[in-house]
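Colleague:
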């Protein structure tokens with residue numbers, strides 16, 4: 002089961018994701034959260050993946066769709082605190098070239114302020 006806790010910092014949603022981004026367990030959960038944020042005029046989102054230790058193609062699809070949703074509203078979706086398997090899969094699929102990826106939330110927030 003995927004758990005998402007978010008807080009708003011300077012008009013940026015920081016979402017802490019916990020669990021595996023895999024299979025049908027979490028299908029649509031991240032996209033739904035991002036859509037709710039966009040509906041509330043929050044178009045910049047930071048996904049903190051500290052507690053995500055596995056991701057599969059379904060999870061990648063969630064991330065890509067969420068990125069597209071924010072970009073369509075002139076916002077951005079940034080990934081932070083990637084764990085080994087997640088980071089490896091993003092590199093293997095060259096998605097690390099599509100996403101903005103930072104070491105921590107503070108770096109991501111600094112980037113969005115510019």
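In this note's numbering, the protein residues as written are 2 to 115. C-beta: ideal position from N, C-alpha, C; glycine also.
With three or more beta-carbon pairs closer than 8 Å as the criterion, would you say the stretch 62-78 touches the stretch 27-34?
Modeller: The stretch 62-78, when compared against the stretch 27-34, does touch it at the 8 Å Cβ threshold.
Colleague: Give the secondary structure of residue 111 by DSSP, where H, G and I count as helix, E and B as strand, and everything else as coil.
Modeller: One-based indexing of the chain shown puts residue 111 at position 110. Note: residue 111 maps to helix in three-state DSSP.
Colleague: In whole angstroms, give me the CA-to-CA distance for residue 40 and residue 91.
Modeller: Along the chain shown, read from residue 1 onward, the residue named residue 40 stands at position 39. Along the chain shown, read from residue 1 onward, the residue named residue 91 stands at position 90. One C-alpha to the other measures close to 28 Å.
Colleague: According to the Cβ coordinates, are residue 76 and residue 47 closer than 8 Å?
Modeller: For the purposes of this step, residue 76 is taken as the residue at position 75 of the chain shown. For the purposes of this step, residue 47 is taken as the residue at position 46 of the chain shown. The answer is no: Cβ separation not under 8 Å.
Colleague: So the candidates are 112, 73, 50 and 99; which of them puts its Cα closest to the Cα of residue 6?
Modeller: What you label residue 6 is simply residue 5 of the chain shown in a count that begins at 1. For the residues 112, 73, 50 and 99, the minimum Cα distance to residue 6 belongs to 50.
Colleague: Quick check on residue 1: does DSSP put it in helix, strand or coil?
Modeller: Since the first residue shown for the chain is 2 and the last is 115, residue 1 is missing from the structure and cannot be characterised.
Colleague: Please report the straight-line C-alpha distance between residue 106 and residue 8, rounded to a whole angstrom.
Modeller: Translated into the one-based positions of the chain shown, residue 106 becomes position 105. Translated into the one-based positions of the chain shown, residue 8 becomes position 7. So the two alpha carbons sit approximately 12 Å from each other.
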